[in-house]
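When we follow the numbering used here, the leftmost residue of the sequence shown carries the number 169, and every step to the right adds one.
Using N, Cα and C, we set each Cβ at its ideal position, and we do this for glycine too.
The structure presented is a predicted model; accordingly, all values stated were derived computationally and were not measured.
Notes follow the structure.
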Amino acid sequence: MLLELRPACDARRPAARALIHWHRDTDRAPEALPQIFEDWETEALHVRGWVRAPQPEAQSGPAAHLSLVPPEQD
Numbered sequence: 169m170l171l172e173l174r175p176a177c178d179a180r181r182p183a184a185r186a187l188i189h190w191h192r193d194t195d196r197a198p199e200a201l202p203q204i205f206e207d208w209e210t211e212a213l214h215v216r217g218w219v220r221a222p223q224p225e226a227q228s229g230p231a232a233h234l235s236l237v238p239p240e241q242d
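This is the structure:
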C-alpha cells in the first residue's frame, strides 16, 4: 500500500497537518519526525480501515564479546 501526503487533501487531518507544518518549518526539529511520521501513517491507515499491529518488545541479546568492543581511546 502506498501512502501519499497531499496537502490539498490531507490538511484537515490532525496528524497529516502536523507533518505538513513540520515539513514547511525551516526551524524544524529532526528528532520530532519519527513520531510525527508514525502518527500520520497510523492516521492514514485508519482512514482506510486498517490498524497498526502491536509491535513486539525487543529482546535483549547477549553482551558483546570483548574482542568486538573497541579499546578506549584517550
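In the structure shown, PRO230 adopts coil according to DSSP, grouped into three states.
In the structure shown, ASP178 adopts helical secondary structure according to DSSP, grouped into three states. 7 Å or more divides the Cβ of ALA179 from the Cβ of ILE204. Under the DSSP assignment, PRO202 falls in the alpha helix (DSSP H) whose first and last residues are 201-215.
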